[in-house]
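Trainee:
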Amino acid sequence: DMRGHKTQQQQHQQQHASHGSRPHTPHANKPQTPRADKRDLLTMNQAEVDKRLKRLRRQAKFLDACLYVPCTCQRVRLGVESLVGLVPVIGDFAGVIMSLLFVSMICGRFHTPASIKSQMFLNVALDFVIGLVPVLGDIFDILFKANMRNLELIERHVKEVRSSAQAIELGAAVPKVKAPASAYIPRIPIKKGAAGRILERTRAPAA
Numbered sequence: 007d008m009r010g011h012k013t014q015q016q017q018h019q020q021q022h023a024s025h026g027s028r029p030h031t032p033h034a035n036k037p038q039t040p041r042a043d044k045r046d047l048l049t050m051n052q053a054e055v056d057k058r059l060k061r062l063r064r065q066a067k068f069l070d071a072c073l074y075v076p077c078t079c080q081r082v083r084l085g086v087e088s089l090v091g092l093v094p095v096i097g098d099f100a101g102v103i104m105s106l107l108f109v110s111m112i113c114g115r116f117h118t119p120a121s122i123k124s125q126m127f128l129n130v131a132l133d134f135v136i137g138l139v140p141v142l143g144d145i146f147d148i149l150f151k152a153n154m155r156n157l158e159l160i161e162r163h164v165k166e167v168r169s170s171a172q173a174i175e176l177g178a179a180v181p182k183v184k185a186p187a188s189a190y191i192p193r194i195p196i197k198k199g200a201a202g203r204i205l206e207r208t209r210a211p212a213a
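The letter at position 20 of the sequence shown is residue 26 when you use the numbering used here, and the numbering goes up by one with no holes.
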């Protein structure tokens, strides 16, 4: 009995040791589904699109058109960037930094193609280079409004993508209806002969 008891204790100790030394196998990694791009216009609802566009319009207006020039019947507007640009050199560099930040803000709100990004950077570069010219550069900056132009670019892109997506959805939702059997006109065989040849000439072709 004592030997049997000892052997049982040894078996229990071996089992505990085997459990302790067993390597911990991590759980199998589950396949991670790719996260949806929050900037994708095709997966974004219209309310979110309007909300983001509203913020961009507010920022562009702040930079380029938040003030009216007196004695211009409210036709000429100034923005913070235009006012900062009046300071020689330093104001031009500060203005280009604000414009580049606005471009990054646009790209952060919506997925922007490379072609539109290049147009935006071209507007900013043109505004900066010509803005370095004294007086004429300031007038050009007020009239050109690079930030408002970049806003128009993204608004046009959003409108095109959303309209094309809606057209695809409408096309997929409309079921294809087969023509009824009565629409097919069977061709009746005509006996050959003089009367048959006359009927073949006068009969209209079946649709």
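For glycine and all other residues, C-beta sits at the position ideal for the given N, C-alpha and C.
Can you check which of these residues, L106, T118 and G85, is closest to R162 by C-alpha distance?
Mentor: T118
Trainee: Would you tell me roughly how many angstroms separate the C-alpha atoms of V95 and V167, rounded to the nearest one?
Mentor: 39 Å
Trainee: Return helix, strand or coil for G10, following the three-state DSSP convention.
Mentor: In this predicted model, G10 has a pLDDT of only 49, less than 50, meaning its place in the structure is not dependable; the value taken from the coordinates is given anyway. Of the three classes helix, strand and coil, the one that applies to G10 here is helix, per DSSP.
Trainee: Look up R63 in the DSSP assignment and say whether it is helix, strand or coil.
Mentor: helix
Trainee: Just reading off the alpha helix (DSSP H) that K6 is part of, what are its end residues?
Mentor: An answer regarding residue 6 cannot be provided, because it is not within the stretch 7 to 213 covered by the chain.
Trainee: Classify R83 as helix, strand or coil using the three-state DSSP reduction.
Mentor: strand
Trainee: From the DSSP secondary-structure annotation, give me the bridge partner or partners of L128.
Mentor: For L128, which the question treats as bridged, DSSP gives no partner whatsoever.
Trainee: Name, in chain order, the residues that DSSP records as bridge partners for L73.
Mentor: L84
Trainee: Locate the alpha helix (DSSP H) running through V109, then write down its first and last residues.
Mentor: Judged by DSSP secondary structure, V109 falls within the alpha helix (DSSP H) whose first and last residues are I96 to R115.
Trainee: So for K123, helix, strand or coil by DSSP?
Mentor: helix
Trainee: Inspect the beta-carbon positions of G91 and A71 and report whether they are closer than 9 Å.
Mentor: no
Trainee: State buried or exposed for A213, treating a residue as buried only when at least 16 other CB atoms are found within 10 Å of its CB.
Mentor: Residue placement at A213 is poorly supported in this model, since its pLDDT is 44, which falls under 50; the coordinates still yield a value, given next. Label assigned to A213: exposed.
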